[in-house]
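Remarks on the structure that follows.
Residue numbers (this note's numbering), protein chains in the order written: chain A, 1 to 477; chain B, 1 to 201.
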């Protein structure tokens, strides 16, 4: 090699390595590099949490930035700014229906984080929930109604987007189970009823009941007894007796026997939503997948990749008459257990009444169900990428061993599991309901652990008028 | 090592690092130009709906009947138009468009809304203290509305595979403030198809 050519080669080599190092600089997964956000929120340090969100602006994580910004601003009581951020997130989410071919191509040689994050169904469905509370806090009940009407549409749209990513029928079936959410229908129904739209409220309550019954295996949450009371109250008072009786006959568990004295006819309704713990995140693991001597029989890389997807299952065993030619190593996400937090429930007590919250939804289980539905397709993509990297390394090696080493290094440095998720969401939602007579009430709100012990308490003041509704949401980090 | 191999590797990495770059452009456009970006309810929908409703309303016999019966143009107050859609709609813009279309029709008189009246009364009260006697406006000479226009916007959305059909219906009612009789009801509809491309470069 002559000297100028050698220098050019050196420059190219150093440039490539520098880029590789730059790419590898953010090698920690999304979850690992953003967990600090949870620490700030737990401490009530809203400004520091916002600074953390803003520290990594734009790029393919833009949607997460907007969602988490809106969420932090919601807890900080900056409701208008929170709504603005959530609106941007909704607009971006809609525009992300159009996929970038260049990003998809990049994901085949780098990793899945080079593709715009589109949000998971359980995440996008929570935007109208928080926006509704924002509007209620701002005193704009009409806008909160809009969010109630939007909520279930948002979930269905997000599931539809997820389904587009999934090829295998069994995985699509699993994703379809996520299309409905009992708590969103119930919450919408409560908002409709608070606005006097009893027909809409009854339809929402009935949809909530059906969703709770159908999704019990996904969320592990049975229909709340409060929902049964709502169905009965609205249904019997507004001409839906036949529908109520039909539901009672089909699903008696929806209508548990009353636990205490009947609520007063007059008065106002308090709806207290407790958000507790932290939603389950995704961790990164390294998977070793065997490429066998018999794999030459596969006519396409896709067929080989699907075969390797099956081999990633713990149930797979190699038969005795085949040899492992190569171990393919890939970085892949797995679901981490949720951080359930110490608070399990809340007890809301006034002079006249007391109620303990009951489970309404489990976002961690929804996240896990989404992951299970997406797992096969994600693994297929990951294996395709690993096979491409493997082929590129072999091709480069054939030309020059050093080039092969560099391509391999690039492949290893850029391999990273996509663990992106809305980190600040709670693990679970639970709801406590109180009917109070008109007047001013001091509510004692006790946060309980699993054994029912009071961990801490606070006081909320509500001014109740006949027929009025109060919606409160509080977070136990 | 072949320089070509390194160049290709460097180029691939550079392309990967560079995608996602974007720029912002701003262009002034005439306000009457129809621009649809997201497919949501926008200024064009508001203006079209208001114009259609007022055209319908003023073309029906209630205006002439009022003129014959009372000898003057009917006074209308535009009340609340409730948004019952799953979209945030600036109903104040729709109300303003309705008022403007009524005034421009020349067939009816539009009186100030409750919110506006409070401000005007505040000014009149101020005049009683600080304005000269000949210029201060008198109390009790407000023109009361004969009719109130109320309404609501409903919508149905249907979406699949990046395609969305949005159907809006704006219903309005004109109610006689004295007798509660609905002298006119009308509606206008807007249907939109929102298509999103599946891929971009």
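Even glycine gets a Cβ: it sits at the ideal position worked out from N, Cα and C.
All figures in this text were calculated on a predicted structure; none of them were measured in a lab.
May I have the straight-line CA-CA distance separating residue i from residue j, to the nearest angstrom?
| i | j | result |
| --- | --- | --- |
| residue 103 of chain A | residue 199 of chain B | 11 Å |
| residue 100 of chain B | residue 344 of chain A | 56 Å |
| residue 92 of chain A | residue 44 of chain A | 28 Å |
| residue 290 of chain A | residue 308 of chain A | 8 Å |
| residue 139 of chain A | residue 434 of chain A | 21 Å |
| residue 208 of chain A | residue 76 of chain B | 43 Å |
| residue 190 of chain A | residue 364 of chain A | 24 Å |
| residue 456 of chain A | residue 161 of chain A | 41 Å |
| residue 108 of chain B | residue 446 of chain A | 60 Å |
| residue 273 of chain A | residue 368 of chain A | 23 Å |
| residue 25 of chain A | residue 305 of chain A | Confidence in residue 25 of chain A is poor, its pLDDT being 44 and thus under 50, which makes the residue's placement unreliable; the coordinate value appears in the next sentence. Using only the alpha carbons, I get a separation of about 29 Å. |
| residue 153 of chain B | residue 353 of chain A | 39 Å |
| residue 427 of chain A | residue 250 of chain A | 31 Å |
| residue 64 of chain A | residue 174 of chain A | 24 Å |
| residue 89 of chain B | residue 206 of chain A | 28 Å |
| residue 188 of chain A | residue 148 of chain A | 5 Å |
| residue 180 of chain B | residue 473 of chain A | 41 Å |
| residue 180 of chain A | residue 423 of chain A | 22 Å |
| residue 560 of chain A | residue 156 of chain A | Outside the modelled stretch of chain A, which goes from 1 to 477, sits residue 560 of chain A, for which no answer is possible. |
| residue 85 of chain B | residue 127 of chain B | 43 Å |
| residue 398 of chain A | residue 388 of chain A | 15 Å |
| residue 479 of chain A | residue 71 of chain A | Only positions 1 to 477 of chain A appear in the structure, and residue 479 of chain A is not among them; the question remains open. |
| residue 511 of chain A | residue 222 of chain A | The question about residue 511 of chain A has no answer, for chain A in this structure spans 1 to 477. |
Under a CB-based cut-off of 8 Å, is residue i close to chain B?
| i | result |
| --- | --- |
| residue 149 of chain A | yes |
Determine the DSSP secondary structure at residue i, reduced to helix, strand or coil.
| i | result |
| --- | --- |
| residue 223 of chain A | coil |
| residue 39 of chain B | coil |
| residue 105 of chain B | helix |
| residue 112 of chain B | coil |
| residue 109 of chain A | helix |
| residue 61 of chain B | coil |
| residue 173 of chain B | strand |
| residue 215 of chain A | coil |
| residue 316 of chain A | coil |
| residue 25 of chain A | At residue 25 of chain A the pLDDT is 44, less than 50, meaning the model places this residue with poor confidence; the figure from the coordinates comes in the next sentence. In this structure, residue 25 of chain A counts as helix in the three-state DSSP scheme. |
| residue 554 of chain A | Residue coverage of chain A in this structure runs from 1 to 477, which leaves residue 554 of chain A outside it and unanswerable. |
| residue 115 of chain A | coil |
| residue 122 of chain B | helix |
| residue 473 of chain A | strand |
| residue 96 of chain A | coil |
| residue 295 of chain A | helix |
| residue 134 of chain B | coil |
| residue 59 of chain A | helix |
| residue 465 of chain A | coil |
| residue 374 of chain A | helix |
| residue 310 of chain A | helix |
Under a CB-based cut-off of 8 Å, is residue i close to chain A?
| i | result |
| --- | --- |
| residue 182 of chain B | no |
| residue 30 of chain B | no |
| residue 86 of chain B | yes |
| residue 114 of chain B | no |
| residue 154 of chain B | no |
| residue 173 of chain B | no |
| residue 92 of chain B | no |
| residue 159 of chain B | yes |
| residue 83 of chain B | yes |
| residue 201 of chain B | yes |
| residue 121 of chain B | no |
What does residue i pair with, by DSSP beta-bridge criteria?
| i | result |
| --- | --- |
| residue 197 of chain B | Per DSSP, none; premise fails for residue 197 of chain B. |
| residue 348 of chain A | A:355 and A:445 |
| residue 406 of chain A | None; residue 406 of chain A has no bridge partner. |
| residue 251 of chain A | Residue 251 of chain A pairs with nothing; no bridge assigned. |
| residue 428 of chain A | A:276 and A:362 |
| residue 164 of chain B | B:159 and B:194 |
| residue 284 of chain A | A:333 |
| residue 75 of chain B | B:109 |
| residue 83 of chain B | B:153 |
| residue 232 of chain A | In DSSP, residue 232 of chain A forms no bridge with anything. |
| residue 268 of chain A | A:436 |
| residue 177 of chain A | Residue 177 of chain A pairs with nothing; no bridge assigned. |
| residue 148 of chain B | B:77 and B:175 |
Which of the residues in the segment 91-119 of chain A, read from start to end, lie with their CB under 7 Å from any CB of chain B?
-> Legend: CB atoms of the segment 91-119 of chain A lying less than 7 Å from CB atoms of chain B belong to residues 91, 94, 97, 98, 99, 100, 101, 102, 103, 106, 109, 110 and 114.
Residues in the segment 126-157 of chain A having any Cβ partner in chain B nearer than 7 Å | 142, 143, 146, 149, 150, 153 and 157
Residues in the segment 126-146 of chain B with C-beta within 9 Å of chain A's C-beta atoms, listed in sequence order?
-> none
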